[in-house]
Amino acid sequence: MESSSPDNPSPEKLSLTDAELLHALKSKQAWALGILYDRYGGLVYGIGLKVLQNPQEAEDLTQEIFLAIWRNATINLNTSSLLPYLVKMTRSRAIDKLRVRSRNINLLQRIGQTFTAESPTSTPFEAASLTERSKYVRDALAQLPEQQRQVLEMAYDQGLSQSKIAQQLNKPLGTVKTLTRQGLLTLKQILKGYIDW
Amino acid sequence: MTEPEYINHIEQLAAGFVVGNLASEEALEFQQLLQANPELAADVAQLQDVLEQVLYGLNEVQPPQHLKTAILSAATSPTHPTQILKQRSLPWPKILGSVAALLVLFLGIDNYRLRHDLRLAQDINTLLQHSETHLYPLQGVNAASHASGSFILNLEQQKGIIAIKNLPNPPVGYVYRLWATVDGEKIPCGKLSANSQGKIVEKFSMPADFYDAGVSGFFVTLESSPNNRYPVGPTVVKSMIR
């Protein structure tokens, strides 16, 4: 495949799947990295910002994630999208950084736990302007039955694992799994008119 | 299982597949269903779209505009792509100026240190002649916010020299320790001994095997143990990111 500017990829390249872009990355095609950044940069940065609560650290983390993909594009995608992999990788690395920072602050100040990896405060993130999509999704979540909304927000807003959600809600893991699945299915009905299928 | 129950069962499996919470036997069952019913892939794709909307809607934030350019230029840089954003290239006039200032700071004021550190000064001079030498500016943080200094690293000669000023003496029972960040790992480099004026000049052996994956930065922590394999104390000094 011929190379092109990372900033001005051709329309046919813009429509390539994530797997095809990863294939191009293996031969160090920078335009492919540019397209993946355009697709996922805001999400990676947003998750980093939400967990780390620090724009500079979120920026560093975003660089780290995309350069890691650049160096090693041999990712085995379970789905057609790179998104679940990126979300997991971003959260995992952000939480690692938060734990190191949290330990340092705790020892320095000789106080109890200041930060926890899974219950970040939300000042900078919530201060960011909400996109139209964000508003629509939050409105849709508000229409869900309470328990479904709660588990979906804990999973995808706070980044908690299913077992952590079960622990926090004091519910069996199987119940949390069912609520998560049912919540997604209900959202599909609610968002039917919004997503162009 | 009635037909509505069966349809609901398949929907639940598809949703579980998309959110990634299927048990292994459920995953196997769904894989077989997908093979037998390729049209299920369309349902899976729609549920993936829904999940993507949720993830974006709850998390997406517009990153700073310069970030994309920085990432692409780091990726396509011919040398050490991961280090471009973390490590300064060698601005020799500045290095010589700052090292000269450090030498005056550390050697000029204290005659004992002058004699003691003469060999270090020679080492610094040797390192600065070398093209493979890297400079890491250091800045104090947290309780040591007034501290500053530099780390000079040459992996070919397997040497590193740190110089820091304004570092408070550690509390009794604590030591300062230097760490390198190498490919995400924290590698211990050694202990630091501050003098009564809060100054440090120390030389470290830097075995190339430990650091050849590329040092992205250095940091100093306050530790209760001189032997921990990993840093657990607060960071007091760290290399600056450009």
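Protein sequences, first through last, are from chains A and B. Per numbering that gives the first Met the number 0, residue 0 is the first one in the first sequence, and the count goes up by one each step. Per numbering that gives the first Met the number 0, residue 0 is the first one in the second sequence, and the count goes up by one each step. Cβ coordinates follow ideal geometry from the N, Cα and C atoms, glycine included. In this text, all values refer to a predicted model and were calculated from it rather than measured experimentally.
Item                                                                                                                                                      : Value
Identify the residues that DSSP records as bridge partners of B:Ala162: which are they?                                                                   : B:Ser149 and B:Val200
If you measure between the beta carbons of B:Val49 and A:Leu183, is that distance less than 8 Å?                                                          : yes
Indicate whether at least one CB of chain A lies closer than 8 Å to the CB of B:Gln30.                                                                    : no
How many Å lie between B:Ser147 and B:Glu222 at the Cα?                                                                                                   : 19 Å
For chain B, is any of its Cβ atoms less than 8 Å away from the one on A:Leu15?                                                                           : no
Since B:Phe217 and B:Trp178 should fall inside the 8 Å C-beta cutoff, what is the C-beta to C-beta distance between them, to a whole number of angstroms? : 7 Å
Is B:Pro136 near the ligand GDP, in the sense that its beta carbon is under 7 Å from a heavy atom of that ligand?                                         : Ligands displayed in this structure: none; no statement on the ligand GDP is therefore possible.
Going along chain B, which residues have a C-beta under 8 Å from A:Leu97?                                                                                 : Neighbours of A:Leu97 on chain B: none; closest Cβ ~14 Å, over 8 Å.
What separation, rounded to the nearest whole angstrom, lies between the Cα atoms of A:Thr177 and A:Tyr39?                                                : 28 Å
Please check the pair A:Leu190 and A:Ala139, which I expect to be a contact at CB under 8 Å, by giving their CB distance rounded to whole angstroms.      : 6 Å
Counting only Cβ pairs nearer than 7 Å, list the residues of chain A close to B:Pro63.                                                                    : Glu58
For A:Pro83, decide whether its Cβ has a neighbour in chain B, counting only Cβ atoms nearer than 8 Å.                                                    : yes
Are A:Gln161 and B:Asn58 close, meaning C-beta to C-beta below 8 Å?                                                                                       : no
Quick one: is B:Gly159 buried, meaning 16 or more other Cβ sit within 10 Å of its Cβ, or exposed?                                                         : buried
CA-CA distance, B:Ser144 and A:Ala72?                                                                                                                     : 40 Å
Please tell me whether A:Arg137 has its Cβ less than 8 Å away from any Cβ of chain B.                                                                     : yes
Between which two residues does the alpha helix (DSSP H) carrying B:Glu24 extend?                                                                         : Ser23 to Ala35
Is it true that the CB of A:Thr179 sits closer than 8 Å to the CB of A:Ala154?                                                                            : yes
What residues in the region 162-186 of chain A have a beta carbon less than 8 Å from any beta carbon of chain B?                                          : Lys176, Thr177, Thr179, Arg180, Gln181, Leu183, Leu184 and Leu186
Determine the closest residue to B:Thr68 out of A:Asn7, A:Val150 and A:Gln181, with distance taken between C-alpha atoms.                                 : A:Asn7
In this structure, what does DSSP give as the bridge partners for B:Ile186?                                                                               : B:Ala179
Taking 8 Å as the CB-CB limit, is B:Gly172 close to chain A?                                                                                              : no
Quick one: is A:Ala72 near chain B, going by C-beta distance under 8 Å?                                                                                   : no
Return the residues of the region 179-191 of chain B that lie within a Cβ-Cβ distance of less than 7 Å from chain A, sorted by chain order.               : none
To which residues of the same chain is B:Pro230 closer than 6 Å at the C-beta, ignoring the five residues directly before and after it?                   : Trp178, Lys185 and Thr220
I'd like to know whether the C-beta atoms of B:Lys190 and B:Tyr175 end up nearer to each other than 8 Å.                                                  : yes
My output table needs one value for A:Tyr155: the three-state DSSP class, helix, strand or coil.                                                          : helix
Mind listing which residues of the region 37-49 of chain A have their C-beta closer than 7 Å to chain B's C-betas, in chain order?                        : Gly40, Gly41, Leu42, Tyr44, Gly45, Ile46, Leu48 and Lys49
Where does the unbroken beta strand (DSSP E) through A:Gln28 begin, and where does it stop?                                                               : A:Gln28 -> no beta strand (DSSP E), and no H or E assigned at all.
Who are the neighbours of A:Ala23 on chain B, taking C-beta pairs under 8 Å?                                                                              : The contacting residues do not exist; A:Ala23 stays about 13 Å from chain B at best.
Taking 8 Å as the cut-off, does the region 6-18 of chain B touch the region 26-38 of chain B (at least 3 CB pairs, one atom from each stretch)?           : yes
At what residues does the alpha helix (DSSP H) containing B:Lys237 begin and finish?                                                                      : Note, B:Lys237: premise wrong, no alpha helix (DSSP H); beta strand (DSSP E) at Thr234 to Ser238.
Run through chain B and tell me which residues come within less than 8 Å of A:Gly33, C-beta to C-beta.                                                    : Lys67 and Leu71
Bridge partners for B:Gln138 per DSSP, in chain order?                                                                                                    : B:Ser147 and B:Lys237
So with CB distances below 9 Å, who are the chain A contacts of B:Gln34?                                                                                  : Those within 9 Å of B:Gln34 in chain A number zero; the least Cβ separation is about 16 Å.
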